[in-house]
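Notes follow the structure.
In my numbering, the protein residues as written are 4 to 246.
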């Protein structure tokens with residue numbers, strides 16, 4: 004599945020390794036393709052429309068679910084965005100009551116809402132011992148509810164987040180991240196990209212490296228623009244409620 008330019012996330016991961024003199028091999032897994040749990044260091048599940056999710060949901064649960072669960076339990080990294088986030092959880096229930104299975108990597112369940120949650124998003128995200136602002140764009144009808152004890156990726160500063168009500172966005176479990184943030188996410192949030200790369204390299208080598216710093220001035224400028232949009236939309240919504 005690939006909408007909202009989510010392949011840009013893969014391009015960012017590749018570039019940030021190459022700029023440090025390291026190589027990234029990308030292996031695409033289609034419907035019915037098997038996955039070997041120990042063969043890969045980072046898994047990426049992109050977003051897609053409901054019809055795309057329906058096409059891949061059964062295959063994900065039946066053919067790939069056990070391998071992906073095992074890989075994450077063994078320390079591999081994962082980024083699951085929007086539709087990929089929903090399928091990485093326990094499952095998705097549509098407006099008509101139809102159910103799509105999830106692969107159970109993330110402690111989250113999603114039900115379809117009657118309206119879409121759309122707009123720029125700003126969150127305060129925590130990964131490991133570090134907390135920073137992360138900006139992106141959301142466009143989802145699903146309302147994702149985290150399981151008891153699940154750790155959200157962050158708290159919503161502006162936007163809707165997981166369900167428009169809880170004030171949470173995304174979820175983190177071990178080295179797996181689920182989120183509704185598009186944009187794509189990683190170009191404007193290099194901290195998240197480098198966290199994923201550090202996790203992936205730790206899975207490969209057994210030791211999480213201290214990645215060489217890069218000049219991220221352009222990336223920070225892009226996030227600053229996205230941050231301003233998100234906070235501006237929040238102000239407009241608050242003014243609209245008071246009017």
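Where a beta carbon is used, it is the ideal one built from N, C-alpha and C, also for glycine.
Small disclaimer: the values here were computed from a predicted structure and weren't measured.
Distance from the CA of residue 87 to the CA of residue 49, rounded to the nearest whole angstrom, comes to 5 Å. The straight-line gap separating the alpha-carbon atoms of residue 17 and residue 11 is approximately 10 Å.
In this structure, the beta-carbon distance from residue 111 to residue 68 does not fall below 8 Å. Between the alpha carbons of residue 38 and residue 235 lies a distance of about 43 Å. In this structure, DSSP gives residue 198 a helical state, which the three-state scheme calls helix. The bridge partners DSSP lists for residue 149 are 111. Its Cα nearest to that of residue 220, the residue 191 stands out among 191, 208, 200 and 210. In this structure, residue 127 lies away from residue 147, with their beta-carbon atoms at least 8 Å apart. One thing to note: residue 75 has its Cβ no nearer than 8 Å to the Cβ of residue 156. Residue 102 places its beta carbon 8 Å or farther from that of residue 203.
For the alpha helix (DSSP H) assignment, the uninterrupted runs of no fewer than 4 residues enclosed by the region 166-238 are, from N- to C-terminal side, 193-208. Rounded to the nearest whole angstrom, the CA to CA distance from residue 222 to residue 150 is 33 Å.
With at least 16 other beta carbons inside 10 angstroms of its own, residue 89 counts as buried. Linking residue 46 to residue 82 through their CA atoms gives a straight-line distance of about 6 Å. Counting only the Cα atoms, residue 65 lies some 14 Å from residue 108. Counting only residues of its own chain and dropping the five nearest sequence neighbours on each side, residue 207 has a CB closer than 7 Å to the CB of 44.
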